[in-house]
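*Asks:*
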Amino acid sequence: MGDGYGIGVVRGENYFQFDATNDSERLRKIDLATGAVKWTRSYPLDYRDMYGYETGPRCSPTIAELDDGSGDAQIFTYGVAGQLTAWSCESGDQLWTNLLNEKYDVVQNFFGVGSSPLIVGDQVIVMVGGSPDEQQALAPGRLDRVVPEGTLMVSLDRSTGDVRWTGGDDLASYSSPRTITIGGKEYLLMFARDHLWVLDPTDGESLGKVYHRADILESVNAMVPIVDGNRVLISECYDAGAAVYDINVENDRTTFETVWKDPVGRRRSQALRSHMSTPILHDGYLYACSGRNAPDSDFRCIDFATGEVKWTALDRRRSTATRLGDVLLVLKETGSLHIARATPDRFDELAVWELDFAAGDRPALQFPCWSAPVIVGDRMLIRGDRTVLCLALPEHNPS
1 MGDGYGIGVV RGENYFQFDA TNDSERLRKI DLATGAVKWT RSYPLDYRDM
51 YGYETGPRCS PTIAELDDGS GDAQIFTYGV AGQLTAWSCE SGDQLWTNLL
101 NEKYDVVQNF FGVGSSPLIV GDQVIVMVGG SPDEQQALAP GRLDRVVPEG
151 TLMVSLDRST GDVRWTGGDD LASYSSPRTI TIGGKEYLLM FARDHLWVLD
201 PTDGESLGKV YHRADILESV NAMVPIVDGN RVLISECYDA GAAVYDINVE
251 NDRTTFETVW KDPVGRRRSQ ALRSHMSTPI LHDGYLYACS GRNAPDSDFR
301 CIDFATGEVK WTALDRRRST ATRLGDVLLV LKETGSLHIA RATPDRFDEL
351 AVWELDFAAG DRPALQFPCW SAPVIVGDRM LIRGDRTVLC LALPEHNPS
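Reminder that position 66 of the sequence shown reads as 66 in UniProt numbering, one-by-one numbering, no gaps.
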């Protein structure tokens, strides 16, 4: 494994990993059964992190099937320096590439670009957050002095890479766009640097926004919004905490009714302080890591409707999680995997898999493990610093 923090994606019997090595970002197609590399494609990368973190992608690629009868698909990578590229899943041929940070004069964000592409029909939609050309003289990270220029979101034609539309006056975050259906119509939902946005995915028109961010320059919004019907949860870990809004759109205007909201600045009283990890919603309850750094972090259960914290566990360590049926797979950033039943009653731990220690021919996972495990059929993919493990899952038996 090279530099970067994102886990890959699976199509059929192949795993696609996007990382960086030797001043290049690369995409590899890997046989899911054997780990053999089928092809490698790369392009030059010029990026240095402001805080000394790894040079490489912060997000996962996105795959979109082609309907031309070829049996092929497109895979879209969005690099840490803002290069969006479309590739053929079968051959690895580069179909097109677009240097969006250069095109829209993006002032470098604290940790570069870290948002996965979204496919909506024949569009690929990404977060950019550009600025006027004259602001390129600003130092990296001086986002307090950047004036947004209507390019929070950029839509491109999947086939050609041509820009369809731009929309949203905001700067980039480390969340990823998703859709929400309200009144039978699909909208674009984006948790940006300053606001939660609702946009029309057909033309990028802004239909509404609500402010949610810490009053600290060096802060980020990173979790992907959680949607349950018309209700949307957003959360950050620096100051503002979490909020749930009931969202409605009428006559191209969006209303945000507050269901519950954490008190600003009162961290110990806040229900949820999400950082890099997106919560899991299951049967009306959220299961999530809460906290910015290891000493103030835990894994907890929250009532989605009220914000009541039901329990906390795994104190003093950050984690990510995924769900298999009614079982949670909670990965600590140090590499141990905690298997627990998804219940609001208590942290019902069933087993611990110490993947941070080598065993037989299995190498140890090393810090940082910041990507949630990926489950595909009877296999689970887990990423550490320099290793991706493909593990066979035992037959699921909730009893």
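Beta carbons: idealized from backbone N, C-alpha and C, even for Gly.
None of these values were measured; they are calculated from a predicted model.
1. For a minimum of 3 consecutive residues, which ranges assigned as the beta strand (DSSP E) are wholly contained in the stretch 25-102?
2. Which one of GLU134, SER159, PHE191, GLY265 has the shortest CA to CA distance from LEU233?
3. Is the closest heavy atom of the ligand GDP to the C-beta of THR312 under 7 Å?
4. Specify whether the stretch 95-103 and the stretch 170-177 touch according to this definition: at least 3 beta carbon pairs, one from each stretch, less than 8 Å apart.
5. With DSSP as the reference, please indicate the residues paired to HIS282 in a beta bridge.
6. Quick one: using the 10 Å Cβ neighbour count with 16 as the cut-off for buried, is GLY52 buried or exposed?
7. Quick one: Cα of THR166 to Cα of ASN251, how far?
8. Identify, in the order they occur along the chain, each residue of the same chain with its Cβ nearer than 7 Å to the Cβ of ASP298, setting aside the five sequence neighbours on each side.
9. Measuring alpha carbon to alpha carbon, tell me which of ASP67, GLU54, ILE75, SER24 ends up nearest ARG11.
10. If contact is defined by three or more beta carbon pairs under 8 Å, each pair taking one atom from either stretch, is the stretch 125-135 in contact with the stretch 147-157?
11. Apply the 10 Å Cβ neighbour rule to GLN94 and answer buried if 16 or more other Cβ atoms are within range, or exposed otherwise.
12. For the stretch 135-166, which segments carrying the beta strand (DSSP E) assignment without a break, of at least 3 residues, lie completely within its bounds, in sequence order?
13. Helix, strand or coil for ASP215? Go by DSSP, reduced to three states.
14. Using only the alpha-carbon positions, how far apart do LEU286 and MET1 sit?
15. Which residues does DSSP pair with LEU355 in a beta bridge?
16. Drop a sphere of 10 angstroms on the beta-carbon of SER399, count the other beta-carbons inside from all chains shown, and report buried for 16 or more, exposed for fewer.
17. Could you check which residue in GLU218, ASP3, TRP87, TYR211 has the C-alpha nearest to that of VAL72?
18. How big is the Cα-Cα spacing for GLY56 and PHE256?
19. Below 8 Å on the Cβ atoms is my guess for TYR238 versus SER269; work out the distance and round it to an integer in Å.
20. Let's test the definition: count the other Cβ atoms within 10 Å of the Cβ of VAL352 and tell me whether it reaches 16, buried, or not, exposed.
21. Where are the beta strand (DSSP E) runs, 3 residues long or more, that stay fully inside the stretch 229-256, in chain order?
*Replies:* According to the structure shown:
1. 37-44, 62-65, 73-78, 83-88, 94-99
2. PHE191
3. Looking for the ligand GDP in the displayed structure turns up nothing, as the structure carries no ligands at all.
4. no
5. TYR285
6. exposed
7. 21 Å
8. SER290, GLY291, THR312, ALA313, LEU314, ASP315
9. ILE75
10. yes
11. exposed
12. 153-157
13. coil
14. 32 Å
15. In DSSP, LEU355 forms no bridge with anything.
16. Annotation note: pLDDT 45 at SER399 (below 50); position unreliable, no value reported.
17. It should be noted that the sequence gives Asp, not Val, for residue 72. Comparing Cα positions, the closest option is TRP87.
18. 36 Å
19. Wrong, their Cβ atoms sit about 15 Å apart, outside the cutoff.
20. exposed
21. 231-235, 242-250
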